[in-house]
Structures are given as C-alpha cells and as structure tokens.
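>
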Amino acid sequence: MESSSYFRIRLTTIRPDKMTSFDIFLHIDGKYLLYLRAGDRLSDGKIKAMHGRDTGDTFFVRSEDKQKYRDWVREEMNSSLINPFEKAAILRESSVALMEDLFENPDVNQALDDSRPIITDFIDLMENAPEAMGFMISLSGHDFYTYNHSLDVSIYSLGLGKALGYDAKTLEELGVGALFHDIGKRNVSLDILCKKGGLTDPEWEQMKMHPQYGLVILNNHPNISDAIKAACFEHHESWAGNGYPQQLVAEEIHPFARIVAITDTYDAMTTQRSYNVPMSPLDAVTMMKEKLAGRYDPDMLKAMYSVLFKIKVAS
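Residues 1 to 315 in full-length UniProt numbering are what the sequence shown spells out, letter by letter.
1. Are there 16 or more other CB atoms within 10 angstroms of the CB of GLY141, so buried, or fewer, so exposed?
2. Output the distance between the C-alpha atoms of TYR69 and ILE224, rounded to the nearest integer angstrom.
3. So PHE60 is in the beta strand (DSSP E); what residue range does that whole segment cover?
4. Quick one: is MET1 buried, meaning 16 or more other Cβ sit within 10 Å of its Cβ, or exposed?
5. Please identify the residue among LEU98, SER80, TYR32, MET77 whose C-alpha is closest to the C-alpha of ARG10.
6. Which full runs of the beta strand (DSSP E) of 3+ residues lie inside the region 17 to 92, going along the chain?
7. Cutting at 7 Å between CB atoms, please list the residues of its own chain near ILE118, excluding the five before and the five after it.
8. Tell me which same chain residues have a C-beta within less than 8 Å of the C-beta of ARG295, skipping the five on either side of it?
9. What are the boundary residues of the alpha helix (DSSP H) that PHE256 is part of?
10. Just curious, the alpha helix (DSSP H) that TYR166 is in, first and last residue?
11. Using C-beta distances below 7 Å, list every residue in its chain close to MET50, excluding the 5 sequence neighbours before and after it, in chain order.
12. Pick helix, strand or coil for PHE180, following the three-state DSSP scheme.
13. Under 8 Å: do the region 14 to 24 and the region 63 to 81 share three or more Cβ pairs, one atom per stretch?
14. To the nearest angstrom, report how far apart PRO281 and HIS235 are at their CA atoms.
15. Could you check how far apart the C-beta atoms of LEU160 and ILE259 are, in whole angstroms? I think they sit under 8 Å.
16. Taking the C-alpha atoms as reference points, what is the distance between ASP143 and HIS149?
17. Smallest Cα separation from ALA111: which of HIS210, ILE183, GLN206?
18. Which residue wins for smallest C-alpha separation from ASN105, given the options GLU203, LYS229, ARG186?
19. Rounded to whole angstroms, what is the Cα-Cα separation between ASP226 and GLU205?
20. Among MET269, LYS196, LYS229, GLY165, which one has its Cα closest to the Cα of ALA303?
21. If you check the beta carbons only, do PRO245 and PHE233 fall under 9 Å apart?
22. Is DSSP giving ARG186 helix, strand or coil here?
23. Of the choices VAL216, PHE59, GLY45, whose alpha-carbon is the least far from that of PHE7?
24. Out of curiosity, what's the CA-to-CA distance linking MET133 and SER154?
25. According to DSSP, ARG8 sits in a beta bridge with which residue or residues?
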C-alpha cells in the first residue's frame, strides 16, 4: 500500500490493556508491518518500552480506520478511568496525528469540517477541566513542524479567547481560524519554508505572500466565515500599522487576527528549532510587551499573562 493510505499516530494515545478497534502498523524500511490487530491489547510494559522508539514516524493506522481512531479518542475523553491530565496528553497527541492529513487534504472545505471536532474536543476539555487545558498548553512548544505549530497556535488562541470571555461558538471559529492561519504556506516553496537561518530578500518577499495565498485558497471554498479568512489574511498586520499585507492599524485588524498575531509569535519564540534556543513563556511575553509592544493589541497581550499563569500552575 502507498503511504498516503496510512496516517501516523503516537503510541502515547493508546491506553494499555484497552482493546483497540483498529489495526496498528509499524513502519520499517519503507514497509508497513502489522503490529497490533484490532481487538488486541498492548500491556503497560510493552507500551512503555515502545515509547522510546516512537519518533512520530513509526506507528500508523490505515486511513479507512480514521473514524474508528477518532471514536477511540472521544471514548477516552469521556472515560472516568483516566485523569484530566492524561486526557489532555491523549487529545493533543491524537490531534497532531490527525493534523497532517488535514493539511495534505486538497479539499479545504473537507479539511475545515474535519477540524471542527478537534477544536470542539479542546473547548470541552477547557470547560470541564481548565487545569488540564493549562497542562496541555505546557506540553506544546517541543518542536516546530508545521502541523504542531498550527495546532499549538490554535490551543494558545483558544486559551487567550477564553481569557477574553469568548463564548463556545466564537471559540470554535477562532480555533479553526488559528488552525488554518498558515494555509497559504502550501504555495510557498519548501526550500524557503525549511531553510535554516535567514532568508534572502527575494525569499522573504515570497514568504510574505502566504497571507494572500491563504486568502485565495479560502476564497475558493464556500461556507468559510470572514472571521476565519481574517485570521489567515491579517495575522501579520501590526497594531502600529507597519505590518503586512495591508498596513492595517489597531482595531482595523480583525480580533481573531490580533489574537493569532500574539499566539503565532509566542509559539515561535518558545519552540525549539534548529536555529534558535527557546525562550521561557514569561520571557517571551515580556519581550513582546517591552520590545515588540507596537505590534500587538495591548489589552490582548495583557490577557496573555492570565494564560501564562495557567501554564505555570500546570508545569
């Protein structure tokens, strides 16, 4: 089978001694080998032993079983046998697993529809176990792969939206908008996206086109709200008016884009990448407040401190 007919999962999302409803495959030397048959269980010892080998490119499930995997995760979210912190870890890891598929899907409408249950799960967890949401936010920022970055920006944006008093419906739109804020990077050369170190002027000009590319992609699909488009098109605008692509000023910028501007920068600053040492959460927000203050909505930046408090309590 082609690799496109499988999607990656993390073994951390599989609870020991619970019967699986899908086959799990091990990817070795370009081949997919059946590792665990549907209806079988993994012992606690075996899962722990395998965690060390789980690079994120090791364990796969067939694409046709994606709904079964999603149902499995939802069952875990409703289980009384695991604590909120374990639920937070399972939800984040399973969402990273599903993100790659979303981003590779050429049907953007389908990808947006498929993303909503993920965002709804995060909102439910935030409502039912706020301390676990803080823990999940603290799990973020370990690497900067595109999918992880978009997911983490979405999680931070939900935390910030909640701190700003948004209701569940608005939070869902915000979460989806944040998840797809970088969709335009599909049309930027991979060499530029993956380049280690600084970009040349022509490369930077192409990189700066990704909000426009994103808007074109989203405009080609019906049923996508203006707010989601704004999160994509305006997230590099600056409160002081010197951002791009439109040089919007202050409240001319959509609130979703103002939120994503903060959470996008925050994730970049606090994430381990090949060419930078991550900053601590407090150092990152302090730098944004003191050295980069003109870029961000000051009230939203203030609210970000309450999100940081949750991270600190959970860490």
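Don't be surprised by glycine CBs; every beta carbon is placed ideally from N, CA and C.
Everything numeric in this text was worked out from a predicted model, so none of it was measured.
According to the data block:
1. Confidence is the limiting factor: at GLY141 the pLDDT is only 49, short of 50, which leaves the residue's position unreliable and the question unanswerable from this model.
2. Rounded to whole angstroms, the separation of the alpha carbons of ILE224 and TYR69 is 27 Å.
3. 59 to 62
4. Model confidence at MET1 stands at a pLDDT of 38, short of 50, so the residue's coordinates are unreliable and nothing is read from them.
5. LEU98
6. 24 to 28, 31 to 36, 59 to 62
7. SER95, LEU98
8. SER238, TRP239, ALA240, GLY243, ALA261, THR265, MET288
9. Residues 255 to 270.
10. Here TYR166 belongs to no alpha helix (DSSP H), and DSSP marks it neither H nor E.
11. LEU11
12. coil
13. yes
14. 20 Å
15. 5 Å
16. Annotation note: pLDDT 45 at ASP143 (below 50); position unreliable, coordinate value reported separately. Rounded to whole angstroms, ASP143 to HIS149 spans 8 Å at the Cα level.
17. ILE183
18. ARG186
19. 25 Å
20. GLY165
21. yes
22. helix
23. PHE59
24. 12 Å
25. According to DSSP, which records beta bridges pairwise, ARG8 is partnered with PHE60.
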